[in-house]
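According to numbering that gives the first Met the number 0, the sequence shown is numbered sequentially starting from 0.
Think of the CB as a built atom: it goes at the ideal place given N, C-alpha and C, for glycine as much as any other residue.
As the structure is a computational prediction, the values presented were derived from the model and not from experiment.
To keep things clear, I will list the structure first and then write my remarks on it.
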Amino acid sequence: MTASGTFGYGVEFADFIDLSRLGGILVKGTTLHHREGNPYPRMAETPSGMLNAVGLQNKGVDYFISSIYPEISRLDTNIIVNVSGSSVEDYAATAEKIAQLSHIPAIELNISCPNVKEGGMAFGTSCQSAAAVVKAVRRVYPKTLIVKLSPNVTDITEIARAVEAEGADSVSLINTMLGMAINAKTRRPVLSTVTGGLSGACVKPVALRMVWQTCKAVKIPVVGLGGIMNATDAVEFLLAGATAVEIGTANFIDPQITVKVIDGIDAYLEQQGCKDVKEIIGGLIL
């Protein structure tokens, strides 16, 4: 699948790849109300990665339903909406609206974005607040509910168990890590918000460790993401126990990376004498 915020609404990549080959497209983060996002500059390149502080810029769920959904509902793949909010009530209201859309089989609940001042990561960094959001959304959202977890915590497995207990069907991890960049010449922060979300190859070892730990801690499926730049990276997440993966930052570097990873996984399975990808999921030898 494609990670939210790195693949637009999918149609932007239709000229580059066959979208029907993807397991799913996680569209841009959607909130109850229109959001302008954070002031510029809000992106910065870092060694082996990037920082972003876009701040969930979008035109709100009603605009999504009226203007974007009619176009993307025709795509031949699973469309999953990444839902965020500033309050528990916002999350629930947005999810309830999306539940009415017949061609959206799932949402990914973003309780872990470090790029907004209110809500966002705050909900994903304590068991109580994470559970409260999932409980409220589960009450109004009957379809598949994926919860995206923050790595900016002491023990991610505690959060995973908390959202599982409130009815999450799956968890995805990791979201970006909190980081910052400084311009030594000007002595000023590079980002307008000072800190932002770090993604790319540099976060992969942390993501891999957290996915492995979470897979052992919960019974629900785990979606792995964070620094997947090629097929070998994706295979490592599957070996750690993930039953699916999302590709994010790599889409900015190579718009065809998703299908290259799919082909690479197929090649790996053939080399290993495996007939089904399920044969390698959780196949880490200790």
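Excluding its 5 nearest sequence neighbours in each direction, Thr45 has C-beta neighbours in its own chain below 8 Å: Gly178, Ala180, Leu197, Gly199, Cys201, listed in chain order. Under the three-state reduction of DSSP output, Asn250 falls in the helix class. Annotation: Ala239 to Lys184 spans about 42 Å, alpha carbon to alpha carbon. In the structure shown, the three-state DSSP call for Thr192 is coil. Here Arg41 carries a coil assignment [DSSP, helix/strand/coil]. Apart from sequence neighbours up to five positions away, the residues of its chain that approach His102 with a beta-carbon distance below 7 Å are Ser72, Ile78, ordered along the chain. In this structure, the CA atom of Gln255 is about 21 Å from the CA atom of Leu268. Taking His33 as the centre and dropping the five residues before and after it, the same chain places the C-beta of Asn57, Lys58, Gly59, Tyr62 closer than 8 Å to its C-beta, in chain order. Val26 is not a Cβ neighbour of Asn37, given a cutoff of 8 Å.
A distance of 8 Å or more separates the beta carbons of Leu55 and Gly23.
By the neighbour-count criterion, in which 16 or more other beta carbons inside 10 Å mark a residue as buried, Ile252 falls on the exposed side.
Within the DSSP secondary-structure output, Arg187 pairs in a beta bridge with Asn182.
Excluding residues up to 5 positions away in sequence, Val82, Ile106, Val136, Val139, Tyr140 lie with their Cβ nearer than 7 Å to the Cβ of Ala94 in the same chain. In the displayed model, Gly28 falls within a strand according to three-state DSSP.
Between Pro69 and Ala2, the alpha-carbon positions lie close to 21 Å from each other. Around the CB of Pro150, 16 or more other CB atoms lie within 10 Å, so the residue is classed as buried. Between the segment 210-217 and the segment 159-167, the count of Cβ pairs shorter than 8 Å is three or higher; the stretches touch. When the Cα atoms are used, Lys96 and Gln271 turn out to be separated by approximately 45 Å. Take Ala266, set aside five residues on each side of it, and the residues of its chain with a beta-carbon closer than 8 Å to its own are Ala230, in chain order.
In this structure, the straight-line span from the alpha carbon of Ile264 to that of Ala243 is close to 12 Å.
At the C-beta level, Val234 and Ile284 stay beyond 8 Å of one another. The segment 192-237 is shown to contain whole beta strand (DSSP E) runs of 3 or more residues at 194-198, 221-223, in chain order. Boundaries cannot be given for Glu11, as no alpha helix (DSSP H) includes it and DSSP labels it neither H nor E. The beta strand (DSSP E) runs lying completely inside the segment 70-95 and spanning 3 residues or more are 77-82, given in chain order. Taking the Cβ atoms as the reference, Arg41 lies roughly 6 Å from Ser191, within the contact range of under 8 Å. Per DSSP, reduced to three states, the secondary structure at Ser169 is strand. Non-local C-beta neighbours of Ser19 in its own chain, meaning closer than 7 Å and more than five positions away in sequence, comprise Asp75, Thr76, ordered along the chain.
Under the DSSP assignment, Thr257 falls in the alpha helix (DSSP H) whose first and last residues are 256-271.
With at least 16 other beta carbons inside 10 angstroms of its own, Arg160 counts as buried. Exclusion of the five residues before and after Gly123 leaves Ile110, Ser111, Ala129, Leu148, Ser149, Ile158 as the residues of its chain whose Cβ lies within less than 7 Å of its Cβ.
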